[in-house]
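Numbers 66 to 536, taken from the working numbering, label the letters of the sequence shown in order. Beta carbons: idealized from backbone N, C-alpha and C, even for Gly. Given the structure is predicted, the values throughout are model-derived calculations rather than measurements.
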Amino acid sequence: MVGAGRLCGRDRDLRALSQARALDLGRHVVDHTRRGAAGPCLLAPPWSAFAFGNLARPHRGDLRVPRTGPVPAQEDAPHLVVELDRRQRVTLVWAGLAVVLAGFEGSILVVALPAVAREFHAGTSALSDFGSVLAVGAVGALPLANLADRFGRRRLIAGGVAGFSLVSFASAYAPSLADLAFLRLFAVCFEVLVVGVATALIVEEAPAARRGLAVSVLALLSGLGTGITVIFYPLLAPHWRWLFLACGVGLVAAPLIWWLLPEGRTWQGVRITGSALRLLLQPPWRRRILILAAMFALLAVLLEPAGLLYTLYASEVLSWSPVQISFLIVVAGIAGAVSYLAGGYLTDRFGRRGPAIALTVATAAATSLSFATSTVGFFVGNVLWSAFASAATPVFGAWSGELFPTRARATAEAAIALAGAIGSIAGLQVLALLSASTGFGGAIELEGLAAVAGALLLFLLPETKQQPLPE
């Protein structure tokens, strides 16, 4: 770059420009911004030939563009460093802690279900009823999420952590399966609330081009909570009550989350008017909420019974030990952890709808495979099931957040979870009815058809990749 006054009139390929500011090249790891030019500069075609005179050498600060074409946009560069400001980092830390605790406490029954079933002498039918009671807990999350849309995200996340921690601690003293189901019903209510509101908060605060990646980090933290259960339960088995006693740590974390988690800037910038539920019943939100609710209900028909009872299936049908079951969960968890990040990158690069449909169909196929084959197929199917379902998590997290307005986003998340609970109850009851004639594996295969039908409904939803969040 040279002074415009001397050269602009001599060469027709040179054009004067006003004084420029620093150029930001998408924030690649090797990019650096420069100071603005000291005066007016020139814009020339690449490799243009003109007499440099005594300037025929590169100068410090010159920018050489080797060929024509646009500078790559930030979203098109896969190796960008995502820069978060201090507020975003603090939000991720404390919302992430809430999700870790929810993942830990919510996974105890799944991992320890064989021991719970033996202690209370419960069969498949009794456990199906038990799971149905737990699913009802999602009903209570809906009015609480409505409060999160009206009064903010921070209070409800902290209150939810305190709620499920207290109930989980009390679950250690449950004298019967019915009492345990009653307590866990309230725990599920608070867990659904925390995960839904935390997801809404992260979607709102993340950079638009990296919403999928941000949700994948949150999902990874939830998996970390599950990993804590998986690691420690084999050391404690069959004493599942001890894990519930450890949930008391959440009562210490809840006040810290209340004090240190920042309130969302996006929510603070929106004027709250009227009921969030009433807003969701207006077009275009009504059509979107109905489609997503139907899809998650159909998917839950398969995933709830499969996810709740697969450890029991491994123990009772395949005769696996707690160590073998934990090994499967660890391997599947590693595949899931990698897939969380892969799903976040995938959806940020290729959009929401296509990956969501493909991953949902793949999840249904892998889940059905798990229960349709013997030991090897069960192991491979579970790992693939974990990978596909984990990759789909950030896709749906970012998509559902972008589909609904900030004034009702947390309520929409809870409404979708409620629809999933209805599908869960239906799936568990259908499993109890069909397993007597088709066997456990055959019933799961039939329920897989419902999940595929749900995936096809997603064609009716719009693509929302990186679009501004509706208020």
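Remark: C-beta atoms of Ile322 and Ala163 approach each other more closely than 8 Å. In the DSSP assignment, Trp324 falls within the alpha helix (DSSP H) that extends over 314-325. In this structure the segment 213-221 does not lie against the segment 238-256, because fewer than three pairs of beta carbons, one per stretch, are closer than 8 Å. By the neighbour-count definition (other C-beta atoms within 10 Å, threshold 16), Pro349 is an exposed residue. Collapsing the DSSP output to three states places Arg306 in a helix.
About 12 Å separates the CB atoms of Val268 and Gly409; that is not less than 8 Å, and the two are not in contact. Apart from sequence neighbours up to five positions away, the residues of its chain that approach Ala427 with a beta-carbon distance below 7 Å are Phe453, ordered along the chain.
For Gly401, the enclosing alpha helix (DSSP H) stretches over residues 387-415.
In the structure shown, the three-state DSSP call for Asp214 is helix.
Assignment of beta strand (DSSP E) within the segment 158-225, counting only whole runs of 3 or more residues, yields no such run. Three or more pairs of CB atoms, one per stretch, sit closer than 8 Å, so the segment 189-206 contacts the segment 464-484.
The C-alpha of Phe443 is placed about 21 Å away from the C-alpha of Ile296. A residue is called buried when at least 16 other Cβ atoms come within 10 angstroms of its Cβ; Val388 does not meet this threshold and is exposed. For Asp150, there is no enclosing alpha helix (DSSP H), as DSSP marks it with neither H nor E. Nearest to Leu289 by C-alpha distance, out of Leu493, Ala397, Thr432, Ala430, is Ala397. The alpha carbon of Val395 has as its nearest neighbour, out of Ala237, Gly292, Trp307, the alpha carbon of Gly292.
Boundaries of the alpha helix (DSSP H) harbouring Ala516: 474-522, taken from the DSSP string. Val382 sits in coil when the DSSP states are folded into three classes, being neither helix nor strand. Nearest to Phe469 by alpha-carbon distance, out of Val257, Gln347, Tyr238, is Gln347. At least 8 Å separates the beta-carbon of Pro303 from that of Ala182. Going by DSSP, Val460 is part of the alpha helix (DSSP H) stretching over 440-468.
With respect to the 8 Å criterion, Phe505 and Phe392 are not classified as neighbours on the basis of their beta carbons.
Residues of the same chain with a CB within less than 8 Å of the CB of Glu528, apart from the 5 flanking positions on each side, are Gly416, Arg417, Arg418 in chain order.
Arg330: member of the alpha helix (DSSP H) spanning 330-333, first to last residue.
DSSP, reduced to helix, strand and coil, places Ala243 within a helical segment of the structure shown. Inter-residue distance for Trp305 and Ala400 is about 26 Å (C-alpha atoms, whole angstroms).
Here Leu346 carries a coil assignment [DSSP, helix/strand/coil].
If you ignore the 5 residues before and after Leu192, its C-beta comes within less than 8 Å of the C-beta of Leu178, Ala182, Leu373, Leu374, Leu377, all in its own chain and listed in chain order.
C-alpha of Thr189 to C-alpha of Ser502: approximately 13 Å in a straight line. With the rule of 3 Cβ pairs closer than 8 Å, the segment 239-247 does not count as touching the segment 310-326. Residue range 276-301 is occupied by the alpha helix (DSSP H) that includes Pro299. Between the C-alpha atoms of Val201 and Glu369 there is a straight-line separation of about 13 Å. Counted as a single uninterrupted DSSP element, the alpha helix (DSSP H) harbouring Gly419 occupies residues 418-437.
Selection Ser455, Ala484, Ala456, Thr432 evaluated against Gly446 yields Thr432 as nearest (Cα-Cα).
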